Every structure is written in C-alpha cells, then in structure tokens.
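For the sequence shown, numbering that gives the first Met the number 0 assigns the number 0 to the initial residue and increments by one for each residue that follows.
For each residue, glycine too, the CB sits at the ideal point set by N, CA and C.
Model, not experiment: these values are computed from the prediction.
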Amino acid sequence: MSAGEPLVLGIETSCDETGVALVRGRELLVDTVASSMDEHARYGGIIPEVASRAHLEAMIPTIERSLGTADVDLSEVDAIAVTAGPGLVGPLTIGASAAKALALALGKPLYGVNHVIGHAAVDELVHGAFPERVMALVVSGGHSSLLLVDDVATSVSELGSTLDDAAGEAFDKVGRLLGLPYPGGPHIDRLAREGDPTAIRFPRGLTARKDQEKHAYDFSFSGLKTAVARWVEARQDAGEEIPVHDVAASFAESVADVLTAKTIAACERHGVSTLVVGGGFSANSQLRDMAAKRCAEAGIELRIPPIRYCTDNGAMIAALGSAVVRAGVAPSSLDIGVDSSMPLTVTHV
C-alpha cells in the first residue's frame with residue numbers, strides 16, 4: 000500500500016470489546032482488542048454498565064498499545080473512525096467520547112461509522128477490494144442481516160434482517176437450555192461436530208411459501224429456540240436421557256440451513272456473484288461449511304475473514320473508516336450522537 004494513503008485509527012466499543020486498530024488504505028498495521036467477556040460470563044449475558052466501565056479503563060492503554068506495536072506516533076494519524084451505532088448506548092458513548100477528544104486535540108477529521116457494515120468492510124483488509132457489487136451476510140449475537148453492497152462506503156441496501164432472535168442470540172439461549180457456559184455459541188459448535196445433524200428435524204423459520212413474499216430475506220429463530228426447548232422438556236418429562244450432541248447438531252443445522260438458503264437465493268435474484276460473511280457468528284463451523292458447499296454449487300465466490308476479524312474489533316471500524324475517507328465523504332461533526340439502532344442503510348453519520 001502507498002504510504003501516501005490516509006492513516007486511519009479505528010475505535011470499536013459497541014458491546015464488550017474495546018478495539019483499536021490502524022489501517023492505511025486496505026493495509027492493516029495493527030489490531031488490538033481488550034475484552035471484558037470474562038466479567039460478564041457469571042451473569043450469563045452482557046451487563047452494559049460493566050461493559051462501559053471496562054471500556055473506560057481499557058481505552059487509553061489499548062490506544063497506546065496499538066500505537067506502540069505499529070511504531071506510529073499519534074500525530075501521524077490522519078483521521079479517526081469510531082462506531083456510532085448500532086450497539087449499547089453506554090459503551091458506544093465511551094468510544095465516541097474518546098474519538099471526539101482525539102479528533103479535537105489532533106485537529107483531525109472524525110468519522111462515525113456503522114458497526115454492522117464494518118463487519119463486511121473488514122474483509123477488504125484480508126481479500127482485497129470488493130467487486131462492483133457484493134452480498135453481505137452479517138451474523139452475530141445481535142444481528143442477522145442481509146445487505147446488498149454497491150459501495151461499502153456510500154451505498155448499502157438492507158434486504159433482510161432478524162425479526163426476533165438473531166442467530167448468535169438463539170445459540171446463547173439454547174446453550175443455557177442445555178446447561179452450557181456463556182456464551183453458548185462456541186460450546187454448541189463443539190458439541191455439534193460430534194452429533195448427527197439429521198437426528199431431529201427442527202423447524203426452519205420464515206421458509207414456508209406464505210412467508211416468501213413478505214419475508215423472503217428476513218430471519219426468525221425464536222420459534223426454533225422454542226421448538227428445541229419443547230423437544231428437550233418432553234424427553235426430560237419422560238425420564239429420557241437428552242442426546243446433547245444430536246440436539247446441538249440438529250439445531251445448528253437448522254440455523255445454517257436458513258441463513259445460507261435465503262442468502263444464496265438473494266444472490267441469485269440480484270445477480271451477485273460474491274458473498275461476504277462476517278460477524279461473530281460467522282465463526283460457526285456448520286455455517287462456514289454449508290456456505291462453502293452451497294456457494295460452490297451456485298458458482299458464487301465466498302469470502303469469510305479469519306475468525307479473529309469476525310468478532311468485534313477495531314480493524315473493522317478502521318477499514319470502514321478508510322473506505323469512507325477514500326470515497327471523499329465529508330467528516331462527521333464533533334457533536335454527533337450515538338444511535339443504538341442505527342439503520343443498516345447508513346454507513347456513516
């Protein structure tokens with residue numbers, strides 16, 4: 000990458016990870032993450048106040064560690080990008096406040112960007128520039144979103160989203176049902192690898208013919224979660240042993256089936272030949288395997304970043320910030336607010 004391209008510092012604090020990264024063009028110089036996950040595990044979920052305090056304590060050390068690792072002086076930074084939403088208001092506010100302070104002190108432009116779109120943009124750091132049009136499936140604890148991306152910096156259309164539980168959220172809830180530690184996703188994934196995905200036919204939400212017109216690209220996993228709970232409770236009431244591996248595999252199969260089937264259908268209908276999958280849930284092995292198989296069958300190029308870039312991180316925010324800067328977008332105002340439910344058609348504010 001050319002040394003003449005702007006050096007963007009990205010800050011991510013939408014949930015429980017304090018992420019700071021430096022990106023020049025599409026080259027990642029450093030990505031540093033401080034997580035407070037262990038502090039939330041005993042509660043079985045994220046506590047916003049705890050996360051906010053952790054961000055406050057980690058912010059300056061994480062920024063200093065990133066600059067030191069990259070051997071970059073703060074004065075060399077050309078622009079500051081920060082997650083403006085969606086996410087938890089408290090954590091978002093900590094990150095935005097830090098970014099504003101840096102921008103003001105350094106006299107550098109500030110860009111408030113969209114967290115979910117960042118999960119797609121980070122792939123450019125790994126696999127290079129996006130083609131003219133790509134489909135992006137972003138799946139995480141709070142989001143299951145299908146995006147048509149004509150320009151990751153300026154033109155993103157939301158084709159579908161979750162109507163209730165997102166994929167990662169459903170995994171956490173089923174994990175609790177099965178007595179697994181929080182977060183449930185990695186544990187269910189591990190168990191599922193040793194189970195039979197065809198052992199139990201769990202429902203596929205919003206795939207019936209009646210749903211195709213209105214919810215062709217939307218997702219719903221609440222009914223699936225309930226179906227798993229009822230299946231397990233029926234066996235427990237009958238005094239039967241629960242085949243945990245088969246339950247996990249069959250549940251994971253249902254989620255991966257719905258996500259990939261709807262996504263491939265969207266690619267084919269919109270004439271898109273490149274699919275990007277991102278977000279924390281994209282680490283799920285069943286989803287990766289099924290997406291690879293179905294994309295190969297449909298002649299679609301599949302791009303999934305390495306797992307370290309799928310969970311929340313500063314690289315995704317710096318990557319989107321860099322794209323916005325390259326597109327010549329005007330900087331954000333220093334009085335921008337944060338938006339916990341920022342629309343996915345808004346790349347920046």
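Is it right to say residue i is buried, meaning 16 or more other beta carbons lie within 10 angstroms of its own, or is it exposed?
{"i": "residue 11", "result": "buried"}
{"i": "residue 285", "result": "buried"}
{"i": "residue 229", "result": "exposed"}
{"i": "residue 68", "result": "exposed"}
{"i": "residue 3", "result": "exposed"}
{"i": "residue 311", "result": "buried"}
{"i": "residue 293", "result": "buried"}
{"i": "residue 333", "result": "exposed"}
{"i": "residue 13", "result": "buried"}
{"i": "residue 85", "result": "buried"}
{"i": "residue 281", "result": "buried"}
{"i": "residue 302", "result": "buried"}
{"i": "residue 238", "result": "exposed"}
{"i": "residue 213", "result": "exposed"}
{"i": "residue 209", "result": "exposed"}
{"i": "residue 207", "result": "exposed"}
{"i": "residue 104", "result": "exposed"}
{"i": "residue 225", "result": "exposed"}
{"i": "residue 253", "result": "buried"}
{"i": "residue 331", "result": "buried"}
{"i": "residue 329", "result": "exposed"}
{"i": "residue 171", "result": "buried"}
{"i": "residue 305", "result": "exposed"}
{"i": "residue 9", "result": "buried"}
{"i": "residue 339", "result": "exposed"}
Given a cut-off of 7 Å, decide if residue j and residue i are closer than it, judged by their beta-carbon atoms.
{"i": "residue 124", "j": "residue 135", "result": "no"}
{"i": "residue 165", "j": "residue 143", "result": "yes"}
{"i": "residue 316", "j": "residue 247", "result": "no"}
{"i": "residue 64", "j": "residue 271", "result": "no"}
{"i": "residue 249", "j": "residue 196", "result": "yes"}
{"i": "residue 161", "j": "residue 201", "result": "no"}
{"i": "residue 220", "j": "residue 260", "result": "no"}
{"i": "residue 100", "j": "residue 81", "result": "no"}
{"i": "residue 5", "j": "residue 77", "result": "yes"}
{"i": "residue 277", "j": "residue 155", "result": "no"}
{"i": "residue 194", "j": "residue 167", "result": "no"}
{"i": "residue 308", "j": "residue 265", "result": "no"}
{"i": "residue 45", "j": "residue 15", "result": "yes"}
{"i": "residue 343", "j": "residue 115", "result": "yes"}
{"i": "residue 83", "j": "residue 346", "result": "no"}
{"i": "residue 198", "j": "residue 245", "result": "yes"}
{"i": "residue 348", "j": "residue 335", "result": "yes"}
{"i": "residue 300", "j": "residue 273", "result": "yes"}
{"i": "residue 50", "j": "residue 17", "result": "no"}
{"i": "residue 251", "j": "residue 289", "result": "no"}
{"i": "residue 352", "j": "residue 109", "result": "Residue 352 falls outside the range modelled here, since the chain spans only 0 to 348, and no answer is possible."}
If you draw a straight line from the alpha carbon of residue i to that of residue j, how long is it in whole angstroms?
{"i": "residue 121", "j": "residue 236", "result": "47 Å"}
{"i": "residue 30", "j": "residue 19", "result": "6 Å"}
{"i": "residue 24", "j": "residue 223", "result": "42 Å"}
{"i": "residue 22", "j": "residue 92", "result": "23 Å"}
{"i": "residue 111", "j": "residue 66", "result": "21 Å"}
{"i": "residue 158", "j": "residue 322", "result": "22 Å"}
{"i": "residue 287", "j": "residue 126", "result": "17 Å"}
{"i": "residue 204", "j": "residue 320", "result": "35 Å"}
{"i": "residue 88", "j": "residue 149", "result": "29 Å"}
{"i": "residue 53", "j": "residue 177", "result": "30 Å"}
{"i": "residue 313", "j": "residue 43", "result": "25 Å"}
{"i": "residue 1", "j": "residue 141", "result": "With a pLDDT of only 41 at residue 1, under the threshold of 50, the placement of this residue in the model should not be trusted; the figure read from the coordinates follows. Their Cα atoms are separated by approximately 36 Å."}
{"i": "residue 79", "j": "residue 62", "result": "12 Å"}
{"i": "residue 341", "j": "residue 47", "result": "18 Å"}
{"i": "residue 90", "j": "residue 240", "result": "42 Å"}
{"i": "residue 28", "j": "residue 74", "result": "16 Å"}
{"i": "residue 190", "j": "residue 298", "result": "31 Å"}
{"i": "residue 129", "j": "residue 326", "result": "14 Å"}
{"i": "residue 174", "j": "residue 107", "result": "45 Å"}
{"i": "residue 211", "j": "residue 163", "result": "17 Å"}
{"i": "residue 179", "j": "residue 72", "result": "44 Å"}
From the DSSP output, read off the bridge partner residues of residue i.
{"i": "residue 193", "result": "DSSP, once it has assigned bridges, lists no residue as partnering residue 193."}
{"i": "residue 154", "result": "150"}
{"i": "residue 113", "result": "84"}
{"i": "residue 30", "result": "20"}
{"i": "residue 218", "result": "161"}
{"i": "residue 9", "result": "20 and 80"}
{"i": "residue 133", "result": "148"}
{"i": "residue 138", "result": "143"}
{"i": "residue 347", "result": "112"}
{"i": "residue 331", "result": "109"}
Between residue i and chain B, is there a C-beta pair that is closer than 7 Å?
{"i": "residue 129", "result": "This model lacks chain B altogether, as it is built from one protein chain only."}
(request) Starting from the N-terminal side, write out each stretch of the alpha helix (DSSP H) that is 4 residues or longer and does not extend beyond the segment 36-95. (result) Counting only runs of 4 or more, we get 36-40 and 47-69.
(message) In chain order, what are the residue ranges of uninterrupted alpha helix (DSSP H) at least 4 long that sit wholly in the segment 247-311?
(response) Counting only runs of 4 or more, we get 284-297.
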